[in-house]
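Trainee:
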Amino acid sequence: MKTLATRAFSCVAALRLTALYAIALIVVSVTLTALGPHAREVAVSRMSTNLHNLAHGRLTTLVGSAFVEGGAVYAWLPGLVCLLALGELIWRSRGLLIAFAAGHIGATLLVAVWLITAVKSGWVPVSVTRASDVGISYGAVSVLGALTASLPTRWRTIWVGWWLGTALVVAWAAAFDFTAIGHILSLLLGVAVSWRLPALARWSRAHMVLLTNGAVLGYFMVAGWSVVAPLGGLAGVLLAVLVSRNLSSRNESAPALPQSMPYTNLSPASP
8 MKTLATRAFS
18 CVAALRLTAL
28 YAIALIVVSV
38 TLTALGPHAR
48 EVAVSRMSTN
58 LHNLAHGRLT
68 TLVGSAFVEG
78 GAVYAWLPGL
88 VCLLALGELI
98 WRSRGLLIAF
108 AAGHIGATLL
118 VAVWLITAVK
128 SGWVPVSVTR
138 ASDVGISYGA
148 VSVLGALTAS
158 LPTRWRTIWV
168 GWWLGTALVV
178 AWAAAFDFTA
188 IGHILSLLLG
198 VAVSWRLPAL
208 ARWSRAHMVL
218 LTNGAVLGYF
228 MVAGWSVVAP
238 LGGLAGVLLA
248 VLVSRNLSSR
258 NESAPALPQS
268 MPYTNLSPAS
278 P
């Protein structure tokens with residue numbers, strides 16, 4: 008009994024950031040549900056990282072928006088816990104925070120820059136500046152991207168190709184809605200961050216279970232029930248494999264550089 012308790016404590020300690028975040032999401036969701044629909048609407052409005060709030064200096068929304076959802080969290084929380092737990096097991100709490108923040112904050116700011124340009128150019132209506140923009144999807148997608156460097160080398164290209172192809176097709180089908188653009192940026196930021204984080208040396212069965220559940224969550228966040236999304240993912244995989252093989256064949260066919268000659272003293276010998 009003592010051994011079991013010790014293992015449970017060690018597991019919670021290793022996943023403390025994931026546990027604390029999950030508890031915070033549940034507390035916020037339960038509180039807003041108890042307060043009623045109006046309270047949720049107010050919270051979503053005040054915590055949205057839209058241009059209106061950012062232009063008024065409400066930078067706290069960059070953090071607060073990660074704790075507020077438009078609906079109940081129970082349906083997707085198990086998948087999120089699996090994804091974050093996997094990240095925290097590989098990178099520890101600090102690395103998980105970096106991977107999540109890269110997408111949640113980094114992609115949000117990049118999307119804001121895009122929207123400013125789009126609004127000024129008349130590509131999108133001014134009403135988009137007050138659109139609701141809360142939730143955990145940018146951060147979660149970034150964590151998916153950040154897993155790239157921990158995957159076996161032969162799977163990295165397929166992994167990135169699948170997610171990028173899926174996200175691009177969904178964005179195209181949604182007329183490049185800002186949320187879809189945010190998912191693409193989050194993925195790319197996560198992939199970039201992955202090379203700065205510790206990599207997993209060996210995948211266990213537990214790691215694979217966490218990855219599978221986390222990937223299912225990520226897919227529905229990016230694609231929802233889109234019919235064309237899987238086609239985009241498969242096209243992305245095919246293109247990524249072709250590009251990878253082309254680059255490999257070029258490297259193999261490139262002439263080897265001549266080895267440097269050993270240093271020889273060519274000065275005449277002293278008499």
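Here the working numbering runs 7 ahead of the position in the sequence shown, where the first position is 1. Every residue gets a Cβ at the ideal spot worked out from N, C-alpha and C, and that includes glycine.
Which of the three DSSP states is assigned to Arg117 in this structure?
Mentor: It should be noted that the sequence gives Leu, not Arg, for residue 117. Leu117 falls in the helix class under three-state DSSP.
Trainee: Beta-carbon separation of Ala84 and Glu95 under 8 Å?
Mentor: In the sequence as displayed, the identity of residue 84 is Leu instead of Ala. No, the pair does not count as a contact, with Cβ atoms beyond the cut-off.
Trainee: Using the rule of at least 16 other Cβ atoms within 10 Å of the residue's Cβ for burial, across every protein chain shown, is Glu76 buried or exposed?
Mentor: Buried, since its Cβ has 16 or more Cβ neighbours within 10 Å.
Trainee: Run through DSSP, which three-state label would Ser139 get?
Mentor: Coil, per DSSP.
Trainee: Less than 8 Å between the beta carbons of Ala109 and Leu204, yes or no?
Mentor: no
Trainee: Looking at Val281: is its Cβ nearer than 8 Å to the Cβ of Leu91?
Mentor: This structure leaves residue 281 out entirely; the chain is present only between 8 and 278.
Trainee: What three-state label does DSSP hand Arg161 in the structure shown?
Mentor: helix
Trainee: Out of curiosity, what's the CA-to-CA distance linking Val135 and Ala82?
Mentor: 28 Å
Trainee: How big is the Cα-Cα spacing for Leu24 and Ala50?
Mentor: 23 Å
Trainee: Looking at the unbroken alpha helix (DSSP H) that takes in Leu221, where does it start and where does it end?
Mentor: The amino acid occupying residue 221 in the given sequence is Gly; Leu does not appear at that position. First-last of the alpha helix (DSSP H) with Gly221: 212-230.
Trainee: Got a sec, what are the start and stop residues for the alpha helix (DSSP H) Val200 sits in?
Mentor: 185-201
Trainee: Are the segment 119-132 and the segment 243-256 touching, with three or more C-beta to C-beta distances below 8 Å?
Mentor: no
Trainee: What's the call for Thr124, buried or exposed, on a 16-neighbour Cβ count within 10 Å?
Mentor: exposed
Trainee: Count the other CB atoms within 10 Å of the CB of Asn57; is the residue buried (16 or more) or exposed (fewer)?
Mentor: buried
Trainee: Using only CA atoms, which one of Ala199, Leu87, Pro237, Leu241 lies nearest to Val216?
Mentor: Leu87
Trainee: Going straight from the alpha carbon of Leu27 to that of Phe185, what length do you get?
Mentor: Spanning the two alpha carbons is a distance of roughly 29 Å.
Trainee: Cβ of Val229 within 8 Å of Cβ of Ala180?
Mentor: no
Trainee: With DSSP run on the structure shown, which of helix, strand or coil describes Glu76?
Mentor: coil
Trainee: I think Ser55 touches Ser139, with their Cβ atoms under 8 Å apart; what is that distance to the nearest whole Å?
Mentor: 5 Å
Trainee: Can you find the residues in the same chain that come closer than 6 Å, C-beta to C-beta, to Gly142, ignoring five residues on each side of it along the sequence?
Mentor: Glu76
Trainee: So the alpha helix (DSSP H) Leu24 belongs to, where does it begin and stop?
Mentor: 23-42
Trainee: Do you know how far the Cα of Leu22 is from the Cα of Val177?
Mentor: 33 Å
Trainee: State the Cα-Cα distance for the pair Leu207 and Val148, rounded to the nearest angstrom.
Mentor: 19 Å
Trainee: For the alpha helix (DSSP H) containing Trp130, list its first residue and its last residue.
Mentor: From DSSP, Trp130 is part of no alpha helix (DSSP H); its letter is neither H nor E.
Trainee: Residues in the same chain with beta-carbon distance under 8 Å from His59, minus the five sequence neighbours each way, listed in chain order, please.
Mentor: Thr136, Arg137
Trainee: Determine the extent of the alpha helix (DSSP H) in which Trp83 is found, giving its start and end residues.
Mentor: Careful: Trp83 lies outside any alpha helix (DSSP H) and carries neither H nor E.
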